[in-house]
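Chemist: According to the UniProt record's numbering, the residues represented by the sequence shown are 1 to 296, in order.
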Amino acid sequence: MDDNLAIREAAIRHCRLLSLRWGEAVPYEELARGFPFRGQWIKLVGPQGVFKPKELTDGPLTLLSTLASSYEDEHLEGDVVLYDYAPTSREFENDGLKRIAAQGKAVILLRQVKAKPRPEYMVFAPVVLRGFDDVARKVRLDLAAAQLEVAGIPAPVPTPFSKAYAETIVKARLHQAHFRREILTAYAQRCCICELRERPLLDAAHIVPDRLPEGVPEVRNGLAMCPTHHRAYDQNLVLVTEQYRVEVQRDRLYHAESEATARMILDFDGREILLPKQEHLRPDPEFLRRKIVLAA
Ligand SMILES: [Zn+2]
Numbered sequence: 001m002d003d004n005l006a007i008r009e010a011a012i013r014h015c016r017l018l019s020l021r022w023g024e025a026v027p028y029e030e031l032a033r034g035f036p037f038r039g040q041w042i043k044l045v046g047p048q049g050v051f052k053p054k055e056l057t058d059g060p061l062t063l064l065s066t067l068a069s070s071y072e073d074e075h076l077e078g079d080v081v082l083y084d085y086a087p088t089s090r091e092f093e094n095d096g097l098k099r100i101a102a103q104g105k106a107v108i109l110l111r112q113v114k115a116k117p118r119p120e121y122m123v124f125a126p127v128v129l130r131g132f133d134d135v136a137r138k139v140r141l142d143l144a145a146a147q148l149e150v151a152g153i154p155a156p157v158p159t160p161f162s163k164a165y166a167e168t169i170v171k172a173r174l175h176q177a178h179f180r181r182e183i184l185t186a187y188a189q190r191c192c193i194c195e196l197r198e199r200p201l202l203d204a205a206h207i208v209p210d211r212l213p214e215g216v217p218e219v220r221n222g223l224a225m226c227p228t229h230h231r232a233y234d235q236n237l238v239l240v241t242e243q244y245r246v247e248v249q250r251d252r253l254y255h256a257e258s259e260a261t262a263r264m265i266l267d268f269d270g271r272e273i274l275l276p277k278q279e280h281l282r283p284d285p286e287f288l289r290r291k292i293v294l295a296a
């Protein structure tokens, strides 16, 4: 019996679970553990970008892209991204991808969103191979299916109503991951209010919300925050002044007298936020002003 399809589906299913658990940034250690299949663990990633576990005979399973292949260079068009061929010394991998495409099978794309020493990846599964350019040596990858429900596991985003919606979601996810990476780096992986330094818990909060046209995903319109302070900031319970100070909106708190509210929110009132060392990465006072006006 041909296990190829069953193994491929198990890998895709496992990747969807990883995305559900970790969101846009899956630690490399999680990927390196592989995925379970009939009581054994099968490898998901290898030393090369294009990887085929030994249990598969039909062709490669995963495509790994590094930060070096920066996404701005990848000519993103809708839900399609370009991926470099394996080098000519590993031409058999490219042939394998073509075989997979001809059989209508899918692969998995792992895009690095954080550098070493503890790299993190955004996981797209399943990904459909849409075409091969032997001259430019690039394969076109269609990420739209990675946004749809698979085997009862919902995509990490709401179920799309149309392909157009899925396309914008792919773009938004890529930009969001890029924004988060830049913000967390600028703030040295700390919440700017309480200095919590647990990367999996940190968000890139927009100063001017991204639902507004001015709410651009730029470092100067962002703050690294833990979930509690992010929510408090989005709900205007806490503001950040142009002088980079925390300003608690006491009258908006339900239980200002509670010890937990004091510890988690009121104690930071008037304190200076943690700022990026590099001045050009600090919040733009114009954005902070605009946010305060919106909150009023
Ligand atoms: Zn915090």
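The C-beta atom is built at its ideal place from N, Cα and C for all residues, glycine as well. Keep in mind that this is a model prediction, so the values were computed, not measured.
Report yes if the C-beta distance between Tyr121 and Val127 is below 8 Å; otherwise report no.
Modeler: no
Chemist: Listed by chain order, which residues have C-beta atoms less than 7 Å from any heavy atom of ligand 1?
Modeler: Cys191, Ile193, Cys194, Leu196, Met225, Cys226, Thr228, His229
Chemist: Helix, strand or coil, according to DSSP, for Ala296 in the structure here?
Modeler: coil
Chemist: How is Pro60 classed by DSSP in three states: helix, strand or coil?
Modeler: coil
Chemist: Taking 8 Å as the threshold, find out whether the segment 280-291 comes into contact with the segment 218-231 through three or more Cβ pairs.
Modeler: yes
Chemist: Can you tell which of Val26, Thr62, Arg33, Pro27 has its C-alpha closest to the C-alpha of residue 316?
Modeler: Nothing can be reported for residue 316, as the shown portion of the chain is limited to 1 through 296.
Chemist: For the putative contact between Leu274 and Tyr187, defined by C-beta atoms under 8 Å, what is the C-beta separation to the nearest angstrom?
Modeler: 6 Å
Chemist: So, with DSSP's three-state summary, where would you put Lys291?
Modeler: In the displayed model, Lys291 falls within a helix according to three-state DSSP.
Chemist: Starting from Trp41, follow its DSSP beta bridges and name the residues at the other end.
Modeler: Among the bridge pairs identified by DSSP, Trp41 is matched with Pro36.
Chemist: Take the Cβ of Gln293 as the centre, count every other Cβ of all protein chains shown within 10 Å, and call the residue buried at 16 or more, exposed below.
Modeler: The residue you asked about is not Gln; residue 293 is Val in the sequence shown. When all chains shown are included, Val293 counts as exposed.
Chemist: Is it buried or exposed for Lys43, if we count other Cβ within 10 angstroms and need 16 for buried?
Modeler: buried
Chemist: Relative to the C-alpha of Cys194, which residue among Ala11, Pro200, Arg211, Ala224 is closest?
Modeler: Ala224
Chemist: Report yes if the CB atom of Val105 is closer than 8 Å to the CB atom of Phe132, and no otherwise.
Modeler: Here residue 105 turns out to be Lys, not Val, going by the sequence shown. No, the pair does not count as a contact, with Cβ atoms beyond the cut-off.
Chemist: Buried or exposed: which applies to Pro158, given that a residue is buried once 16 or more other Cβ atoms fall within 10 Å of its Cβ?
Modeler: The predicted model places Pro158 with a pLDDT of 40, which falls under 50 and marks its position as unreliable; any figure quoted below should be read in that light. Exposed, by the Cβ-count rule.
Chemist: Any chance you could list the beta strand (DSSP E) runs of at least 3 consecutive residues sitting entirely within the segment 203-233, in chain order?
Modeler: Whole beta strand (DSSP E) segments, 3+ residues: 203-206, 222-225.
Chemist: For Phe287, collect the residues of the same chain with a Cβ closer than 7 Å to its Cβ; drop the 5 residues on either side in sequence, then sort them by chain order.
Modeler: A distance below 7 Å between beta-carbons, with the five flanking residues on each side excluded, links Phe287 to the following residues of its chain, in chain order: Ile207, Val208, Arg220, Asn221.
Chemist: Rounded to the nearest angstrom, what separates Thr88 and Asn94 at their Cα positions?
Modeler: Straight-line Cα distance between these residues: approximately 9 Å.
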